[in-house]
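Working notes, beginning with the structure itself.
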Amino acid sequence: MAHGAERRPDLLVDALALIRQDRDERRADCAALRDELAQACRRVSELQDQLAGKEHGLEQAETMYEFIEARLPGLGVATQPGHTEPQSPGTAFPASPIGGPELSVPQQSRELLANPQQPSDIPAPLEELQDDGSNSLQDFVLTILATSDRAMHVDEVLETIELLRAKGRTEKLGNSKRPSEDVRTALNRLVGKGRVEKVATATYAVARDLPTAGKAEAA
């Protein structure tokens, strides 16, 4: 009896040690899982931000595509049945479907887009943006910039063209092995012609103020 009583505290101590060890291991596992969860949550947040940005860019590109598709069939954009009637020249660019600010189209572009014509009948506003040294890709890039309410990064211009190409609305860059370089080249040449201005790193906008001689010649 006495010997059994002496062994009981030893057994309890051993059991307590085992329980403590198990508790510590579980605590460490929980801490590791909390760290993994925190990292995963941060990653999810980053991906959500990236997705929101991409969706915003996609919505704007879709809106621009539909707008150009309805107005400029002469530039390789085929209209489809079911589109709404063209807006009047004074109408603003359609509002972004995701609730962004309404996009405003420059007056010069509104006049051109509201009255699409064949290249031989193009009115003066577009002639101010074109010359004998231009080509179809430069004209198309210029049209995209002219219908944007803000300066566009070269990647945004490329994404817009690729979106139109993927939907079969244009053949621009269809056989190009270096589409990004081709778009950059077109933009740089437009800058050299004074049709486009570089407003930031790889970011461009239509040059709104043509040289005086160019204005007189266009008039």
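All residue numbers for the sequence shown refer to my numbering, where the first residue is 1 and numbers rise by one. In this text, a Cβ means the ideal position worked out from N, Cα and C, and glycines have one as well.
Exposure label - residue 156; buried when at least 16 CB within 10 Å: Burial call: buried.
Reference residue 161; option with closest CA among 195, 66, 36, 26: Of the candidates 195, 66, 36, 26, the one whose C-alpha sits nearest the C-alpha of residue 161 is 66.
Rounded straight-line distance, which links the Cα of residue 208 to that of residue 166: Looking at the two C-alpha atoms, the distance is approximately 31 Å.
Spatial neighbours of residue 164 in its chain, beta-carbon cut-off 6 Å, leaving aside the 5 residues before and after: The residues 65, 170, in chain order, have a CB closer than 6 Å to that of residue 164 in the same chain once the five nearest residues on each side in sequence are set aside.
Bounding residues of the beta strand (DSSP E) (the contiguous stretch that carries residue 205): For residue 205, the uninterrupted beta strand (DSSP E) segment begins and ends at 203-206.
Alpha carbon of residue 62 to alpha carbon of residue 146, nearest angstrom: About 16 Å.
7 Å Cβ shell around residue 286 - same chain, five flanking residues per side excluded: Here the chain has residues from 1 to 219 only, and residue 286 is not among them.
DSSP three-state assignment for residue 54, whether helix, strand or coil: Helix at residue 54.
Endpoints, alpha helix (DSSP H) assigned at residue 166: Segment 154-166, the alpha helix (DSSP H) holding residue 166.
Distance, residue 148 Cα to residue 191 Cα: Distance between the alpha carbons of residue 191 and residue 148: 17 Å.
Span of the alpha helix (DSSP H) around residue 181: If you look at residue 181, you'll find it in the alpha helix (DSSP H) that goes 179-192.
Pair within 8 Å by beta-carbon distance, residue 183 and residue 154: Against a cut-off of 8 Å, the Cβ pair of residue 154 and residue 183 comes out as a contact.
For residue 198: DSSP bridge partner residues: Answer by DSSP bridge pairing, in chain order: 204.
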